[in-house]
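Written below as structure tokens is the structure these notes are about.
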Amino acid sequence: MHFLNPLFLLASIGVIGPIVLHLVRKEESQKVPFSSLMFVTRMPKRSWRRQKLQHLLLLMLRVAALLLLVLAFARPFFTSRVPVPIQSLKNKFVVILLDNSFSMRFGDRFEKAKKQALQLVSRLGHGDSVQIVAFSDTSQVLNSPRAERGVLESLIDGLRPSYRKTSYTQALKLANQLLASAPDELREIDWISDFQESGWKDTQEEITLGEDIRIQAYDISGVDVGNAAVGQIQISEIPNQENPLVRVLAGVPSYGLKAPGLATLKLELNGKLLQEKQLSLESNGSKPVEFETFSLPPGVSAGKVQLNFPDPLPADNVFHFALNSHKKLKLLLLGEKQANNNFYLAKALAASSVSPFTVEVQDLKSGNLADLTPFAAILLNNIETIPPRVASSLYGFVSNGGGIILVLGNRVKSNDFNAQLEKILPAQLGYKYSASETKKEQFIGEMPKHHPIFDVFDTVHHSYFLTTPFSGYFHSTPRSASHVLIKLEDGSPLLIEGTVGKGRTLLFTSSLNMDWNDLPLKSVFLPFCQQLVKYCVGFEESQSAFMVGEVIPLSKLNPFLDKALNKISNSSGSFSQSWKVLNPSGEKTDLNDKDLIKSPFFTLEEPGFYQTTVHNFKNLVAANVDPAESDLRKVEPQRILSSIRRQVGETRASGRLLEATMDQHLAWEGRQRLWWFLLLLALMILLVESFVANRYYKNTAEM
Numbered sequence: 006m007h008f009l010n011p012l013f014l015l016a017s018i019g020v021i022g023p024i025v026l027h028l029v030r031k032e033e034s035q036k037v038p039f040s041s042l043m044f045v046t047r048m049p050k051r052s053w054r055r056q057k058l059q060h061l062l063l064l065m066l067r068v069a070a071l072l073l074l075v076l077a078f079a080r081p082f083f084t085s086r087v088p089v090p091i092q093s094l095k096n097k098f099v100v101i102l103l104d105n106s107f108s109m110r111f112g113d114r115f116e117k118a119k120k121q122a123l124q125l126v127s128r129l130g131h132g133d134s135v136q137i138v139a140f141s142d143t144s145q146v147l148n149s150p151r152a153e154r155g156v157l158e159s160l161i162d163g164l165r166p167s168y169r170k171t172s173y174t175q176a177l178k179l180a181n182q183l184l185a186s187a188p189d190e191l192r193e194i195d196w197i198s199d200f201q202e203s204g205w206k207d208t209q210e211e212i213t214l215g216e217d218i219r220i221q222a223y224d225i226s227g228v229d230v231g232n233a234a235v236g237q238i239q240i241s242e243i244p245n246q247e248n249p250l251v252r253v254l255a256g257v258p259s260y261g262l263k264a265p266g267l268a269t270l271k272l273e274l275n276g277k278l279l280q281e282k283q284l285s286l287e288s289n290g291s292k293p294v295e296f297e298t299f300s301l302p303p304g305v306s307a308g309k310v311q312l313n314f315p316d317p318l319p320a321d322n323v324f325h326f327a328l329n330s331h332k333k334l335k336l337l338l339l340g341e342k343q344a345n346n347n348f349y350l351a352k353a354l355a356a357s358s359v360s361p362f363t364v365e366v367q368d369l370k371s372g373n374l375a376d377l378t379p380f381a382a383i384l385l386n387n388i389e390t391i392p393p394r395v396a397s398s399l400y401g402f403v404s405n406g407g408g409i410i411l412v413l414g415n416r417v418k419s420n421d422f423n424a425q426l427e428k429i430l431p432a433q434l435g436y437k438y439s440a441s442e443t444k445k446e447q448f449i450g451e452m453p454k455h456h457p458i459f460d461v462f463d464t465v466h467h468s469y470f471l472t473t474p475f476s477g478y479f480h481s482t483p484r485s486a487s488h489v490l491i492k493l494e495d496g497s498p499l500l501i502e503g504t505v506g507k508g509r510t511l512l513f514t515s516s517l518n519m520d521w522n523d524l525p526l527k528s529v530f531l532p533f534c535q536q537l538v539k540y541c542v543g544f545e546e547s548q549s550a551f552m553v554g555e556v557i558p559l560s561k562l563n564p565f566l567d568k569a570l571n572k573i574s575n576s577s578g579s580f581s582q583s584w585k586v587l588n589p590s591g592e593k594t595d596l597n598d599k600d601l602i603k604s605p606f607f608t609l610e611e612p613g614f615y616q617t618t619v620h621n622f623k624n625l626v627a628a629n630v631d632p633a634e635s636d637l638r639k640v641e642p643q644r645i646l647s648s649i650r651r652q653v654g655e656t657r658a659s660g661r662l663l664e665a666t667m668d669q670h671l672a673w674e675g676r677q678r679l680w681w682f683l684l685l686l687a688l689m690i691l692l693v694e695s696f697v698a699n700r701y702y703k704n705t706a707e708m
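The working numbering puts the first residue of the sequence shown at 6, with every later residue one more than the last.
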């Protein structure tokens with residue numbers, strides 16, 4: 006037990022008073038006058054005898070009442086074994102978590118959330134601190150702790166719901182960090198949200214808060230949660246001799262509709278209605294809708310699938326997508342016609358009309374070499390000798406950003422290759438290995454599964470590579486800056502990667518025909534050859550739509566922005582031209598050269614189309630809300646609160662208990678208020694003492 010006013014305990018010495026009074030008592034003897042003694046001189050006589058305490062019950066009552074009064078004025082209190090952080094009786098620090106995710110756009114949810122936040126601000130005391138955090142899948146602190154009430158109200162009034170998905174983990178962690186900086190005050194989290202279940206399903210890690218933090222949940226979801234939306238769509242191309250045909254398959258999910266009925270689904274392209282479908286929505290479920298194929302016009306096209314159905318969340322009733330009829334990448338396959346080595350490789354790279362490549366085959370011994378500018382990559386396949394002028398052209402091509410793939414074979418002379426392509430080869434070629442009765446065939450020993458070339462293959466397809474025997478290859482010594490991607494069982498490199506200037510080179514030390522292996526007969530041959538080219542040239546598949554909140558590189562926003570960034574980074578000066586990004590709401594964002602170098606990425610914040618124009622090339626990027634946000638089913642707040650762990654503070658420092666301060670003492674004593682009970686008990690004892698004393702004196706008087 007501790008005391009707020011320990012000096013009052015000195016008054017306990019006063020218990021001596023009642024004890025002395027009960028010990029020292031005056032007994033008057035009855036005087037009887039005798040005539041014979043009237044003339045005798047009085048002589049004082051001292052007598053000693055042991056005094057005994059009388060009326061012990063009365064004494065104990067008086068001592069107990071006095072001690073209780075002393076204890077009451079000393080203000081006693083009990084402390085916990087683990088001192089909590091310092092708390093103040095007057096001030097508190099509050100963090101208001103305000104959900105502004107996409108689901109808060111449902112009906113008037115966000116207006117109710119702002120109203121609740123304003124009420125919480127109005128309840129704050131004069132010395133209280135508050136910080137408002139708007140959160141979705143990101144969290145933003147909106148004010149300083151000591152902001153004036155008028156500023157807080159203006160901030161809340163100006164808030165708008167975002168289009169991002171819901172995630173509670175980061176918001177609660179941020180609130181805990183903010184409150185950790187205010188140890189001298191009562192700490193509190195006021196959590197305003199619709200408590201969408203999808204935001205809690207994404208939680209994979211535990212949430213821990215300080216043990217003294219009070220958290221209060223305010224659920225503004227309401228009762229009505231019925232919603233319909235356009236979910237993910239699938240876009241596929243169908244081969245066609247002229248323009249490619251496009252097929253669109255859309256999914257229309259519905260969640261808790263109270264009045265399901267008929268709806269209309271429209272397909273638009275570049276602002277024109279192409280097709281319209283009727284469908285019947287159920288209370289819960291998903292309806293697939295397939296549109297008829299249509300021709301894709303040249304250039305970039307803006308498409309959308311629109312659902313006409315009345316619900317309180319219309320923003321998810323449309324799905325935007327962008328289609329781009331890109332020109333195919335041109336590849337130059339150099340070989341020797343008489344060797345007839347290019348059949349399998351050429352067929353693999355241009356196997357169908359939907360292949361992203363067109364292949365031009367040229368005989369290296371035919372004379373003039375074609376202009377290399379239009380080509381994205383050049384493949385040298387089993388070439389015996391390379392003229393010096395060709396080697397010089399190849400070096401200039403790869404230095405400026407082109408890709409070169411060198412495939413060896415039985416016609417290659419390693420000494421000529423090393424001499425003519427010294428600046429290009431990622432390795433120094435050695436002697437040729439040929440399997441025989443004394444030399445066994447080699448199999449692949451190491452191959453990275455997660456490399457961009459191989460990550461498209463599943464486990465079964467990887468086994469096809471590992472079971473392919475190689476009867477011939479060239480030993481090689483990789484250069485210091487090169488990387489070996491595939492090794493054979495004996496450790497010899499099979500696929501080596503190198504860089505020259507801005508370009509990339511790949512060296513395959515065996516053949517891609519039937520001379521040294523049977524890889525061309527396996528199902529992995531076609532995708533393997535295409536993956537080699539895609540990786541060599543940095544090819545990226547076109548994406549029809551992104552999700553709000555994604556951070557995309559500039560090459561996705563506009564391919565020429567990426568090229569502009571390369572020019573800027575390799576020059577000492579800067580460009581005076583700035584580029585603009587037009588977002589779906591019509592606002593423009595300027596991108597200058599400094600912005601491009603500092604952060605070559607762009608964040609998509611709203612659904613619709615982002616438009617850019619760079620060097621007269623217009624491009625569109627489509628963004629849509631996360632389909633999970635359309636499912637408005639909620640999780641009970643108590644389920645989340647019960648899963649939050651409490652972090653117990655450190656109880657010892659330097660081998661001793663942490664010392665509590667006066668504010669801590671005030672907090673403990675103020676909560677317990679023991680003095681009030683002690684004072685009440687003392688008064689009751691005094692009443693009993695008065696009754697007992699009256700009985701005692703009454704009996705004495707009668708005697």
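Glycine is no exception: its CB is placed at the ideal position from the N, C-alpha and C atoms.
- Taking C-beta atoms under 8 Å as the contact rule, Tyr168 and Phe107 qualify, at a distance of about 5 Å.
- Listed in chain order, the beta strand (DSSP E) elements of length 3 or more contained wholly in the region 246-325 are 250-260, 267-274, 277-285, 290-295, 304-313.
- The beta carbon of Ala320 sits closer than 8 Å to those of Phe107, Arg110, Tyr168, Pro612, Val630, all from its chain and outside the five residues before and after it, given in chain order.
- For Val403, there is no enclosing beta strand (DSSP E); the residue is found in the alpha helix (DSSP H) stretching over 393-404.
- Between the C-alpha atoms of Tyr540 and Pro457 there is a straight-line separation of about 7 Å.
- Taking a C-beta distance under 8 Å as the contact criterion, Pro474 and Asn522 qualify as a contact pair.
- Between Asp421 and Gly477 the beta-carbon gap is near 18 Å, outside 8 Å, which marks them as no contact.
- A direct Cα-to-Cα measurement between Arg219 and Val126 gives close to 16 Å.
- Annotation for Gly435: the continuous beta strand (DSSP E) segment containing it runs 432-439.
- Counting C-beta atoms within 10 angstroms of its own C-beta, Pro431 has 16 or more neighbours from the protein chains shown and is therefore classed as buried.
- DSSP places Tyr540 in the helix class (H, G or I) of the three-state scheme.
- Beta-carbon to beta-carbon, Val156 and Leu103 are separated by about 15 Å, too far to satisfy the 8 Å threshold.
- Within the model, the alpha-carbon separation for Tyr400 versus Gly407 is close to 9 Å.
- Just measuring C-alpha positions, the residue of Phe82, Gly130, Pro150, Ile161 sitting nearest Lys119 is Ile161.
- The beta-carbon distance between Ile388 and Leu369, rounded to whole angstroms, is 6 Å. This is short enough to meet the 8 Å contact definition.
- Inclusion of Phe479 and Leu500 in the CB contact set at 8 Å is not warranted, their separation being larger than that value.
- Under DSSP, the beta-bridge partners assigned to Trp196 are Leu102, Ala222.
- Per DSSP, the continuous beta strand (DSSP E) segment holding Gln652 begins and ends at 650-652.
- DSSP, reduced to helix, strand and coil, places Lys332 outside both helices and strands of the structure shown, so it counts as coil.
- In the DSSP assignment, Lys593 falls within the unbroken beta strand (DSSP E) covering 593-596.
- Here Leu183 is buried: its Cβ has 16 or more other Cβ atoms, across all protein chains shown, within 10 Å.
- As far as DSSP is concerned, Ala486 takes part in no beta bridge.
- Out of Met689, Phe682, Pro642, Phe696, the CA that lies nearest to the CA of Gln221 is found in Pro642.
- At a Cβ-Cβ threshold of 8 Å, Pro166 and Phe115 count as neighbours.
- Pairing Leu526 with Val305 gives a Cβ-Cβ distance that is not under 8 Å.
- Where Leu471 is concerned, the enclosing alpha helix (DSSP H) starts and stops at 464-471.
- Assigned with DSSP and collapsed to three states, Ile238 falls in strand.
- In terms of CA proximity to Ala633, Pro258 leads the group Arg67, Pro258, Arg154, Ala180.
- Collapsing the DSSP output to three states places Arg509 in a strand.
- Judged by their CB atoms, Ala307 and Phe614 are nearer to each other than the 8 Å cut-off.
- Pro302 is classed as exposed because its beta carbon has fewer than 16 other beta carbons within 10 Å across all chains shown.
- By the Cβ-count criterion, Arg67 is buried, with 16 or more other Cβ atoms from all chains shown falling within 10 Å of its own Cβ.
- Rounded to whole angstroms, Lys507 and Ile409 show a C-alpha spacing of 12 Å.
- Beta-bridge pairing by DSSP links Ile410 to Leu384, Leu511.
- Relative to the Cα of Ala233, the nearest Cα in the group Gly261, Lys178, Leu254 belongs to Gly261.
- Only exposed fits Pro379, as fewer than 16 other CB atoms lie within 10 angstroms of its CB.
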